[in-house]
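Okay, structure first, notes after.
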Amino acid sequence: MKFINYLASITGIGAYPLVSLFIFLLFFIAVGVFVFKGRKEYFKYLEELPLSNND
Amino acid sequence: MTDNNKSHNLEKFSYDNTIVKWFAYATIVWGIVGMTAGLLAALQLVFPVLNLDLPYTSYGRVRPIHTNAVIFAFVGNGIFMGVYYSLQRLLKARMFSDFLSKVHFWGWQLIIVLAAVTLVLGKTTGKEYAELEWPIDILIALIWVVFGWNMFGTILKRRERHLYVAIWFYIATFVTVAMLHIVNSIEIPVSFWKSYSWYAGVQDALVQWWYGHNAVAFFLTTPYLGIMYYFVPKAVNRPVYSYRLSIIHFWALIFIYIWAGPHHLLYTATPDWAQSLGVVFSVMLIAPSWGGMINGLLTLRGAWDRVRDEVVLKFFVVAVTAYGMATFEGPMLSLKNVNAISHFTDWTIAHVHVGALGWNGFLTFGVLYWLIPRLFQTKLYSQKLASMHFWIGTLGIVLYAVPLYWAGIMQSLMWKDFTPEGQLRWQFMDTVTKMMPFYAARAVGGTLYLVGTVMMAYNLVKTIKAGSFVANEEAEAAALSTTYVAHEKDHWHRAIERRPVQLMILSLVVVAIGGIIEFIPAFLVKSNIPTISSVKPYTPLELQGRDIYLREGCYTCHSQMVRPFRSETARYGEYSKAGEFVYDHPFQWGSKRTGPDLARIGGKYPDSWHFNHMQDPTSMTENSKMPAYPWLLEDQVDVSSTVGKIKAMQKLGVPYPEGYADIAAADMEKQARVIAASLQNDGITIEADREIIALIAYLQRLGKDIKGEKKETAEK
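Spelled out as structure tokens, the structure:
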């Protein structure tokens, strides 16, 4: 049995690419909002993480 | 911010430095081995005598040894060195299990040794950068899981609630490499050291370059970006320039990178939409890549004066700059008009090496120079020697890349050059001869780079001898409270940062999207691969010949893909169609034309030409740089494997008649005798059971099906 048959038998597979694109857009808008609205002290804390060891 | 951490008593624990030390040693040793193999391959192109007329040392086997060694052995061990050091410290926890660390280390070294031995012996799948055969593929998957298990175990028992951005890059690396490796390695075993790719032709090409490109993305780039985000701030002793930028960098990079694979297949017989998708996403890649580069370089803000004195910073600055150059060049090479010139030439090789020598190599060297003195509680043996390494290495990169840029563009323009009368101006061989001074210069550049690496090894050995190793570095930190007290304005992304498993799943979703969109239509839509009725499965003898072609790594120098350009159709014949490759498990389009394209070689020369050419290439083409293959005249074809091979192909959907496997050997013998007789007519006496006969059968078949179609049409 060719590989194609397994994929073709998925119901409504044609919508997958569109759904993927939609998830991508939403996700990046959300990341953008987070980055620009995030609090300064929080990022300050995170960026100091590698420097908190004394070695 | 640290309320959750501070509310508890400090716990004492220790960091495991031994595993870091082992991976560091392996990085140095395999680095030298891999680079030496690369230098040998470079010299073989100038002096074919260095192929030694032996199967084990011929270019087609040395080149995959070089690529596999530098990618998976040198950079691979470099990744683990950086991850095992930084992960423990960023999470304030010892690695989850010392036993798993050991299994990971020794398992990875075993894979490397098995890879080296099998590649020397010609056991290969014939898919670039995924040449290792199925038992090793399974071992890689298992050891990779051990690495992930150990990493996630550490993350789960961490003493720092928030995951620093470097760890995100490590998680994305783990999950994506697992996905790429498994999907691309789906193959059907024929014997213990032989398998056929599950995919064929166009589909195989799309999957392979989705894998191949993302091996660059998720093996050579994302883990090294994680290392950059940890070690550059460490070495400069100041935080990364912009943490916000690093978040955008991470998500944008992993999402966009996964789509860019088809830019390796521009103007080939892949569907146009897939090519366009590859181009668009490749161009988009400039943004996150340069965001990362700027973030790395600007971390040195206010500390640039220290670059003058500190050799580690010198290496880091050149590494990050090389990353910037390579990631600007990559999208440019993805533009179709540029790719029309660059593809199949040494321009690509130069591009890759700016990334490999500059970004991966120099970042690794910088980390080693920073790390080893710390692990051994001493100072670097010689700053001066390290500085010399920096300069000789930089000079090596320039001397490596510049000649190849020049030569690549020159050769491409020669391939495309027509006389006013409309004839191709240059024979292919003319263009090869012109390359020699440039290949020689490249080998000088490579030698300098290797000498620098050996100098580093000496410097580090001296440092190690002078120091005393701290196997378990004492540390203390508060344990995490079991309940997390959320802040008033907590944001969803912060929640993800605290939850590594969700972060992994989200990363997988993000990278899977690109793959799904690329593959599903290619597998589903029949119009993507129009069938050609005259294209028939290979005969058993041709199939055996094809496997010899794979074994000898012919694809490392010869493409089988005529692009639709006048200069190519005039030189090689009609451009390649997707339907011609439906029985090619795996596809053999190649990525480099050190020698001419072979897609239409069938019937171009008599059998005797191929015989003489394989025995001694210069007897047919003066100044040829191709290795000789005298062993093909002596070794017999393994007839016993034929039944298994035909049956495997049948399982993959190749339409051999039912029960054909049982009579295949007889067919094979018949066809072999015809070729032996044709050679006899030209005065060459050879047994019909020799490998050369099978190889000739395969070469004479290439591109013939479509000629048959034309004949059929004419007859109608």
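So the sequences go chain by chain: A and B.
Counting along the first sequence from 1, when you hit position 29 you're at 28 in numbering that gives the first Met the number 0, and nothing is skipped either side.
Counting along the second sequence from 1, when you hit position 159 you're at 158 in numbering that gives the first Met the number 0, and nothing is skipped either side.
No residue lacks a Cβ here, since even glycine has one placed at the ideal position from N, Cα and C.
Here the structure is a predicted model, which is why all the values come from computation and not from measurement.
- By the 16-neighbour rule on beta-carbons within 10 angstroms, residue 567 of chain B is buried.
- By the rule that beta-carbons nearer than 8 Å mark a contact, residue 21 of chain A does not touch chain B.
- In the DSSP annotation of this structure, the continuous segment of the beta strand (DSSP E) that includes residue 14 of chain B starts and ends at 9-15.
- Excluding five sequence positions before and after residue 45 of chain B, the CB atoms of its chain that fall closer than 7 Å to its own CB belong to 435, 438, 439, 442, given in chain order.
- Following the DSSP letters along the chain, one finds residue 477 of chain B in no alpha helix (DSSP H) but inside the beta strand (DSSP E) bounded by residues 471-477.
- The beta carbon of residue 126 of chain B is closer than 6 Å to those of 207, 585 in its chain, skipping five residues each way along the sequence.
- With fewer than 16 other Cβ atoms inside 10 Å of its own Cβ, residue 530 of chain B counts as exposed.
- The count of Cβ pairs closer than 8 Å, one atom from the region 446-463 of chain B and one from the region 23-39 of chain B, reaches three, so the stretches are in contact.
- Secondary structure of residue 504 of chain B (DSSP, three-state): helix.
- Those residues of the region 498-515 of chain B placed with their C-beta closer than 9 Å to a C-beta in chain A are 505, 508, 509, 511, 512, 513, 515, ordered along the chain.
- Cα atoms of residue 130 of chain B and residue 186 of chain B: separation of roughly 12 Å, rounded to the nearest angstrom.
- Short of 8 Å from the beta carbon of residue 10 of chain B, and not among the five residues preceding or following it, lie these beta carbons of its own chain, in chain order: 158, 475, 476, 477, 478.
- Shown here for residue 49 of chain B: same chain residues with a beta carbon closer than 6 Å to its own, the five before and five after excluded, namely 42, 43 in chain order.
- For residue 243 of chain B, the residues of chain A that pass the 8 Å Cβ criterion are 34, 35, 37, 42, in the order they occur in the chain.
- A contact between stretches requires three or more CB pairs, one per stretch, nearer than 8 Å, and the region 189-201 of chain B meets this requirement with the region 643-660 of chain B.
- When only Cα atoms are considered, residue 692 of chain B and residue 124 of chain B end up about 22 Å apart.
- Taking the Cα positions, residue 13 of chain B is about 49 Å away from residue 345 of chain B.
- The Cβ neighbour count for residue 34 of chain A, taken over all protein chains shown within 10 Å, is at least 16; the residue is labelled buried.
- Within the same chain, and ignoring the five residues on either side of residue 289 of chain B in sequence, the residues whose Cβ sits closer than 8 Å to its Cβ are 323, 326, 327.
- Listed in chain order, the positions of the region 144-164 of chain B with a beta carbon within less than 8 Å of a beta carbon of chain A are 159, 161, 163, 164.
- Sixteen is the threshold: when 16 or more other Cβ atoms of the shown chains lie within 10 Å of the Cβ of residue 596 of chain B, as they do, the residue is buried.
- Contacts between residue 250 of chain B and chain A, judged by CB atoms closer than 9 Å, involve 26, 27, 30 in chain order.
- Below the 7 Å Cβ cutoff, chain A contributes 46 as neighbours of residue 239 of chain B, in chain order.
- Just measuring C-alpha positions, the residue of B/573, B/118, B/19, B/140 sitting nearest residue 84 of chain B is B/19.
- Collapsing the DSSP output to three states places residue 188 of chain B in a strand.
- Identification of residues in the region 84-104 of chain B having a C-beta nearer than 9 Å to some C-beta of chain A yields 85, 88, 89, 91, given in sequence order.
- Within chain A, the C-beta atoms nearer than 8 Å to that of residue 236 of chain B come from 50, in chain order.
- The three-state secondary structure of residue 343 of chain B, taken from DSSP, is strand.
- No alpha helix (DSSP H) of 4 residues or more sits fully in the region 575-604 of chain B.
- Per DSSP, residue 281 of chain B is one residue of the alpha helix (DSSP H) stretching across 271-283.
- For residue 249 of chain B, the CB contacts under 7 Å within the same chain, skipping 5 residues up- and downstream, are 164, 167, 168 in chain order.
- Under the 10 Å beta carbon count, residue 98 of chain B is surrounded by fewer than 16 other beta carbons and is classified as exposed.
- About 5 Å separates the Cβ atoms of residue 444 of chain B and residue 395 of chain B, confirming a contact at the 8 Å cut-off.
- Under the three-state reduction of DSSP output, residue 468 of chain B falls in the coil class, being neither helix nor strand.
- Interface annotation, residue 254 of chain B: in contact with chain A, CB-CB separation under 8 Å.
- By the Cβ rule, the region 144-154 of chain B does not count as touching the region 63-73 of chain B, because fewer than three pairs are nearer than 8 Å.
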